[in-house]
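Under this note's numbering, think of the first position of the sequence shown as -2, with each following residue one higher.
To start, the structure itself, in structure tokens.
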Amino acid sequence: FPNLAHLYVALCSHSCAQCVRVGLEAVINILYTEPLNGQDCLKYLIAWPGSIGGPVLGIVGALFSLMASATVHITMNWSLAAGCGSLIVNAWVMIHLFMLSLGKSSFTPKG
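Written out as structure tokens, the structure is:
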């Protein structure tokens, strides 16, 4: 499976690049918000709502790429059946995370 090797390297590279980007983005946000008092920090988060959501979505993208690269790696080195098993487990994990996020997104402070 020579073409799968290229896909594996691309997925691993994407996952690593996403992790580095997310890590730096989180550090920048922490360094900026740390000296702020509570009220100014809330103003910052309201003005830049992606400062929390951006890194979270970046980690989800990196996780997806990492799980896909693991499936490709298993398929290349063992068998298509083992790769399909890995795909099923990875799909279950992603569906579980999606359902968890849907449940958390329905929270309202009013009750």
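Every residue gets a Cβ at the ideal spot worked out from N, C-alpha and C, and that includes glycine.
What you are looking at is a predicted structure, and each value in this text was computed from that prediction instead of being measured.
Inter-residue CB distance, residue i and residue j (contact presumed, cutoff 8 Å)
i	j	result
Leu33	Tyr41	6 Å
Ser83	Cys9	Rounded, the Cβ-Cβ distance is 15 Å, inconsistent with contact.
Tyr5	His70	6 Å
CB of residue i within 8 Å of CB of residue j, strictly
i	j	result
Leu1	Thr72	yes
Ser12	Ala59	yes
Pro52	Glu22	yes
Val19	Ile56	yes
Gln15	Ser62	yes
As assigned by DSSP and simplified to three states, the class of residue i
i	result
Thr30	helix
Ser103	coil
Pro76	Per the sequence shown, residue 76 should be read as Ser rather than Pro. Here Ser76 sits in coil by DSSP.
Pro46	coil
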